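Residue numbers (this note's numbering): 93 to 453.
For each residue, glycine too, the CB sits at the ideal point set by N, CA and C.
Just so it is clear, the structure is predicted and the values come from calculations on it, not from any experiment.
Before any comments, here is the structure.
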């Protein structure tokens, strides 16, 4: 059965085109996907991300548990509210999911996992938590709205109570605070600044409408996808999954091989690293007209690769993509588009930084 967020009727009332996304009925756009994309890059836009799953972890050994569960180093989180992005791996080093974890207290951490991986994530986390006596609580009663863009924080703060607004505007990136029944994190998936706001479902529609009144533009999955790809951010199930390790997915920065910590998948990662990683993920830019799409063949002198995520970049005005290609590939690179080999450039993402072309683009 298709699931719906608490904002489903609100999206429909705004004229949204609805599509299935990982079993959820979600807005693709509210009219012009390009305009929604530009609203986020230039001003402020918002997304209903209530399909994401908030999971609270409690127990005296919860930090010890997360040292084992996550590839990144949980001991980097020393101050309450601080957040960390990490992969959660299986024993072979494959990516079960990439998630955000928040340190709230020594016996209380919060993780936010992807919608499409909810069931397997919960099963995996619960199975591993048993040995550490950690309580796993899925917070189904919560909704989440992401407000993103150069003016996002200022506009969002106008709908907060004064005390919360002052505190929210003062926090650094990857930090969360709580107040007035809201969990406000300075995080996002667009490459822009902003907040991800978690509230009880009963307050979500009112918050959404007040954000519209404050000048924040509703945006759908279409713009969210072009924004995250421009920003060099992976999409689970398209850019990585259990068949791919962080070394192969451009996610080495989310792995901490800190001494003495035996996290799940570490042995496999170290073995692959020692043997040499055979394939890597790169960014591609195409100067010719056309669009790079998932599944297209990438031709290099070292062998063939494949387009993972591809799109037309509204900010750059050209096609961009992630591709997985043989490690060490150099020289001319082409993409097979309907039998024609079109030249592309290998670049290091992000494609867009602070609303402008990235350094390598």
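Please state whether DSSP places residue 119 in a helix, a strand or coil.
-> strand
Per DSSP, which residues does residue 175 bridge with? Please list them.
-> 194
Could you give the distance in angstroms between the alpha-carbon of residue 61 and the alpha-carbon of residue 231?
-> The requested residue 61 does not occur in the structure, where the chain is confined to residues 93 to 453.
Residue nearest to residue 395 in terms of C-alpha spacing, selected from 447, 100, 305, 372 | 372
Counting pairs of beta carbons, one from the stretch 203 to 210 and one from the stretch 294 to 304, are three or more of them closer than 8 Å?
-> no
If you compare alpha carbons, which of 279, 97, 402, 258 is closest to residue 173?
-> 279
Can you give, in chain order, each stretch of the beta strand (DSSP E) that sits fully within the stretch 140 to 186 and has at least 3 residues?
-> 145 to 150, 175 to 181
Any idea if residue 107 is buried or exposed, counting beta-carbon neighbours within 10 angstroms, 16 or more meaning buried?
-> exposed
Looking at C-alpha atoms only, which residue of 133, 384, 138, 131 is the closest neighbour of residue 477?
-> Nothing can be reported for residue 477: it is not among the residues displayed for the chain, which extend from 93 to 453.
Taking only the alpha-carbon atoms, compute the straight-line gap between residue 312 and residue 160 and give it to the nearest angstrom.
-> 36 Å
Tell me whether residue 362 is buried or exposed, calling it buried when 16 or more other Cβ atoms sit within 10 Å of its Cβ.
-> exposed
What are the residues that DSSP puts in a beta bridge with residue 417?
-> 372
Please say whether residue 156 and residue 357 have beta carbons closer to each other than 8 Å?
-> no
Would you mind listing the beta strand (DSSP E) stretches within the stretch 285 to 311 that are 3+ residues and don't spill past its ends, in chain order?
-> 286 to 292
Along the beta strand (DSSP E) that carries residue 212, what are the first and last residues, could you check?
-> That residue, residue 212, is in no beta strand (DSSP E); its alpha helix (DSSP H) goes 210 to 221.
Can the beta-carbon of residue 393 be found less than 8 Å from the beta-carbon of residue 421?
-> yes
Reference residue 215; option with closest CA among 411, 189, 193 | 189
Where residue 449 and residue 412 are concerned, what is the direct C-alpha to C-alpha distance, given to the nearest angstrom?
-> 12 Å
The stretch 263 to 280 in contact with the stretch 329 to 336 per 3-pair CB rule at 8 Å | no
Apart from the five residues just before and just after residue 250, which ones in its own chain have a Cβ nearer than 8 Å to its Cβ?
-> 257, 306
Leaving out five residues on either side along the sequence, give the residues of the same chain with a beta carbon under 7 Å from the beta carbon of residue 380.
-> 434
Determine the closest residue to residue 51 out of 133, 119, 378, 269, with distance taken between C-alpha atoms.
-> In the structure as shown, the chain starts at 93 and stops at 453, and residue 51 therefore has no counterpart that could be examined.
Is DSSP giving residue 97 helix, strand or coil here?
-> coil
Mind the definition here: the stretch 211 to 227 touches the stretch 312 to 328 only if three or more C-beta pairs lie below 8 Å; say whether that holds.
-> no
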